[in-house]
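To start, the structure itself, in structure tokens.
Given below as structure tokens:
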């Protein structure tokens, strides 16, 4: 099978979310997976994963404050994003789905499953979703800097052209050996405004509020402690700057798996926090897990 890609705007409180959809040609009732991007990303995180899932309808929004949803007004936070996603599922007439979240999107996925359990069949958490290790006593800005570093700092920058922004990222250690047409599209889509003052689309305030919420808010604590959906936890051995350890150190993974024995962990070898979805190898390995979870989700399969 093959996909036809399109975008649609879905109304949520405060505006419209831009949503990317990969529909399976000739199969309007194909099983559906909901894909949720990371903290400064967009639905363009997912094309390489989509290419490995030709028999699956994929729905991937730009979360409020990002991409072409960056002007959506109102508060952010994991619970707000989860409520937005229910509206996205309703728009596509999806009663329940396998939910795949990367980075912050994995935290949103866990909260979606907690607050709206009937809308989620199974979870695939991609380098996110379970509590991170952060030092005590950090301010909001310090939490953002500790976790995101240059990824957050760029939000205050402007660029004279698309090519200048791409050059900024071509030298980034995470992409040194993994630049591709999909990565080019991912970063080109990120820009808003006009030359010579193009800027990343993610709004810093929304990103900061979300980052603090997912690390210090009670919403995540409650969602993880109440986790009851079948869950896969995928980690990258390297981090945002291609450094080791990654976002989750081996010792942290061991602690989490001891506390959450029902969660199944898989390390996606030779990936970093970006390339776990934005490289051929990472996307293929991630998609393989999604296929396993779709096959094990009877209600999703029965929708096909």
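Numbering (this note's numbering), first residue to last: 53 to 356. We put the CB at the ideal spot given by N, CA and C, even for glycine. Bear in mind the structure is a predicted one, so any value in this text is a computation, not a measurement.
Identify the continuous alpha helix (DSSP H) that holds residue i and give its terminal residues.
i           : result
residue 139 : 130-143
residue 222 : 214-222
residue 91  : First-last for residue 91: undefined, no H or E at that position.
residue 202 : 202-205
residue 312 : Element bounds for residue 312: n/a, residue is neither H nor E.
residue 184 : From DSSP, residue 184 is part of no alpha helix (DSSP H); its letter is neither H nor E.
residue 271 : 270-277
residue 124 : Premise fails: residue 124 is in no alpha helix (DSSP H) and is neither H nor E.
residue 225 : Run containing residue 225: none; DSSP gives neither H nor E here.
residue 100 : 99-103
Mind checking who residue i pairs with in its DSSP beta bridge?
i           : result
residue 84  : 109
residue 51  : Here the chain covers residues 53 to 356 and nothing more, so residue 51 does not appear.
residue 61  : 70
residue 154 : 178
residue 252 : 243
residue 56  : 75
residue 149 : 172
residue 211 : 250
Could you compute how far the alpha carbon of residue i sits from the alpha carbon of residue j?
i           : j           : result
residue 141 : residue 316 : 26 Å
residue 267 : residue 78  : 43 Å
residue 240 : residue 101 : 19 Å
residue 107 : residue 146 : 16 Å
residue 135 : residue 221 : 33 Å
residue 356 : residue 348 : Because residue 356 carries a pLDDT of 47, less than 50, the predicted location of this residue cannot be relied on, and the following value inherits that uncertainty. Near 14 Å, if we compare the C-alpha coordinates of residue 348 and residue 356.
residue 318 : residue 305 : 10 Å
residue 353 : residue 130 : Low local confidence applies: a pLDDT of 47 at residue 353 is under 50, so the model's placement there is unreliable, with the coordinate-based value given in what follows. About 28 Å.
residue 323 : residue 269 : 29 Å
residue 109 : residue 189 : 43 Å
residue 273 : residue 290 : 25 Å
residue 53  : residue 128 : 37 Å
residue 132 : residue 97  : 21 Å
residue 40  : residue 121 : This structure cannot speak to residue 40, because the chain is shown only from 53 to 356.
residue 172 : residue 158 : 13 Å
residue 206 : residue 350 : 43 Å
residue 143 : residue 83  : 15 Å
residue 208 : residue 154 : 23 Å
residue 156 : residue 254 : 13 Å
residue 275 : residue 161 : 10 Å
residue 308 : residue 297 : 16 Å
residue 271 : residue 213 : 40 Å
Candidates the options: which alpha carbon is nearest residue i's?
i           : options               : result
residue 168 : 139, 251, 76 and 53   : 139
residue 70  : 152, 112, 82 and 163  : 112
residue 343 : 75, 92, 160 and 175   : 175
residue 192 : 318, 264 and 219      : 264
residue 185 : 350, 328, 303 and 327 : 303
residue 37  : 198, 229 and 151      : Past the boundaries of the shown model lies residue 37; the chain is included only from 53 to 356, so the question cannot be answered.
residue 177 : 103, 143, 254 and 300 : 300
residue 56  : 119, 331, 105 and 337 : 105
residue 260 : 201, 121 and 330      : 201
residue 187 : 198, 181, 179 and 123 : 198
residue 262 : 58, 116 and 81        : 116
residue 218 : 235, 346, 204 and 226 : 235
residue 225 : 313, 286, 211 and 203 : 203
The beta strand (DSSP E) with residue i in it runs from where to where?
i           : result
residue 344 : Run containing residue 344: none in the beta strand (DSSP E); it sits in the alpha helix (DSSP H), 332-347.
residue 73  : 67-76
Is the segment 78-90 close to the segment 57-67, with three or more CB pairs under 8 Å? no
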